[in-house]
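Okay, structure first, notes after.
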Amino acid sequence: MIDIIKAKKTFDKHIKKYDMNNPKIMVKYKHSLRVSDLCVRLAKSLHLDEEKTSLIALIGLLHDIGRFEQIKLYNTFDDQLSIDHGGLGVNILFDEGLIRDYIKSDKYDEIIKKAIYNHNKLEVPDTYSEEQAFFSKIVRDADKIDIYYIVSNRDKTYKYDDESITEEVLDCLFRKSLIDKTLAKTDLDKMLITIGYLYDLNFTYSYEIIRTGEYVSSLFNALELTENKSIKAFNYIRQSLKDDFNI
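Remember, the numbering used here sits 1 above the position in the sequence shown when you count from 1.
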């Protein structure tokens with residue numbers, strides 16, 4: 002059995018090795034705790050037993066462990082400009098043996114490894130087993146829910162000096178398909194990728210959390226766009242989300 006309380010204490014000890022005065026470190030520390038809690042909420046909605054609930058709580062806690070080293074080395078969250086933080090997290094946990102500080106048994110190593118590696122990728126590979134894919138989907142949903150929570154903060158507003166949108170990004174969203182992060186060329190592209198996360202959620206309860214938190218409406222209300230083309234595009238997308246998800 003995984004002792005998640007002990008795991009969180011171990012996690013705290015590990016994170017304190019980094020500069021806790023760096024806002025980026027604190028953002029990801031708090032994000033990791035919230036994602037772990039969201040994983041538990043999703044697990045309960047799916048009626049998972051205690052052992053599996055503890056497992057997904059641990060995966061949620063550790064899913065971004067590569068972020069802290071990424072920030073230390075590169076001071077950025079941008080994987081394209083630095084390193085894939087999902088893969089880095091797997092290296093830290095398994096190549097360096099850190100995972101044994103969190104769970105003594107290697108019974109769930111492949112599930113943990115694949116879920117952490119995959120959480121920031123475009124999609125879950127067909128090569129994953131049913132169980133590996135299931136846990137990957139839970140942490141992917143929890144991660145995206147919390148990102149929505151962060152960007153929809155009611156104290157935030159989003160203004161853009163450049164409101165251009167890459168056609169490939171907009172086309173993906175209009176087709177309601179996943180958007181590859183490598184397509185993003187502008188800040189508005191990155192916002193559209195975040196909005197597009199709604200088309201990659203796997204569980205009904207994930208939508209319920211976002212709907213109850215009014216994250217989508219808060220996010221759109223925070224956008225201060227001035228150009229007709231971008232306003233028209235975002236109005237269309239907003240209506241599509243209402244139609245598709247009642248959100």
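C-beta atoms are modelled at their ideal positions from N, C-alpha and C, and glycine is treated no differently. Computed from a predicted model, the values in this text were never measured in an experiment.
Can you check DSSP and say which residues form a bridge with residue i?
i: L224; result: Y159
Buried or exposed: residue i, going by 16 or more other Cβ atoms within 10 Å of its Cβ?
i: Y30; result: buried
i: M21; result: exposed
i: I210; result: buried
i: S106; result: exposed
i: Q133; result: buried
i: R68; result: buried
i: S55; result: buried
i: M2; result: exposed
i: F235; result: buried
i: G87; result: buried
i: K243; result: exposed
i: N229; result: exposed
i: F136; result: buried
i: L178; result: It should be pointed out that residue 178 corresponds to Ser in this sequence rather than to Leu. Exposed is the call here.
i: H120; result: buried
i: F175; result: exposed
i: L74; result: exposed
i: I255; result: The question about residue 255 has no answer, for the chain in this structure spans 2 to 248.
i: G90; result: buried
i: Q240; result: exposed
i: Y149; result: buried
i: I180; result: buried
Mind checking whether the beta-carbon of residue i lies closer than 6 Å to any heavy atom of the ligand COA?
i: S218; result: The ligand content of the structure shown is nil, which means the ligand COA is not present either.
Contact check, residue i vs residue j under 8 Å by CB: the rounded distance?
i: I139; j: A44; result: 7 Å
i: H64; j: V36; result: 6 Å
i: L184; j: S165; result: About 13 Å separates the two Cβ atoms, so there is no contact after all.
i: S201; j: H32; result: Ser is not the amino acid found at residue 201; the sequence shown has Asp there. With a Cβ gap of about 18 Å, D201 and H32 do not count as contacting.
i: I117; j: I60; result: 7 Å
i: I5; j: A58; result: 5 Å
i: Y208; j: I238; result: With a Cβ gap of about 17 Å, Y208 and I238 do not count as contacting.
i: N23; j: I72; result: 7 Å
i: D102; j: T11; result: 5 Å
>> Does the contact criterion of 3 or more C-beta pairs under 8 Å hold for the segment 161-180 versus the segment 82-95?
In response: no
> Mind pulling the alpha helix (DSSP H) runs of 4 or more residues that sit fully within the segment 159-233?
Replying inline: 168-175, 188-196, 205-214 and 216-223
>> Across the segment 142-149 and the segment 22-42, are there enough close Cβ pairs to call them in contact, namely three or more that are closer than 8 Å?
In response: yes
>> To test your reading of the DSSP string, which unbroken alpha helix (DSSP H) runs of 4 or more residues are found completely within the segment 11-66?
In response: 24-46 and 51-63
> For the 8 Å Cβ check, are there 3 or more pairs between the segment 187-197 and the segment 87-97?
Replying inline: no
> Per the contact definition of three or more C-beta pairs closer than 8 Å, is the segment 13-28 in contact with the segment 121-130?
Replying inline: no
> Just checking, does the segment 149-156 make contact with the segment 210-230 on the three C-beta pairs under 8 Å criterion?
Replying inline: yes
> Which parts of the segment 62-107 are runs of the alpha helix (DSSP H), unbroken and 4 residues or longer, counting only runs that do not cross its ends?
Replying inline: 66-75 and 86-91
>> Going residue by residue through the segment 109-143, where are the continuous beta strand (DSSP E) segments of at least 3 residues, counting only ones entirely within it?
In response: none
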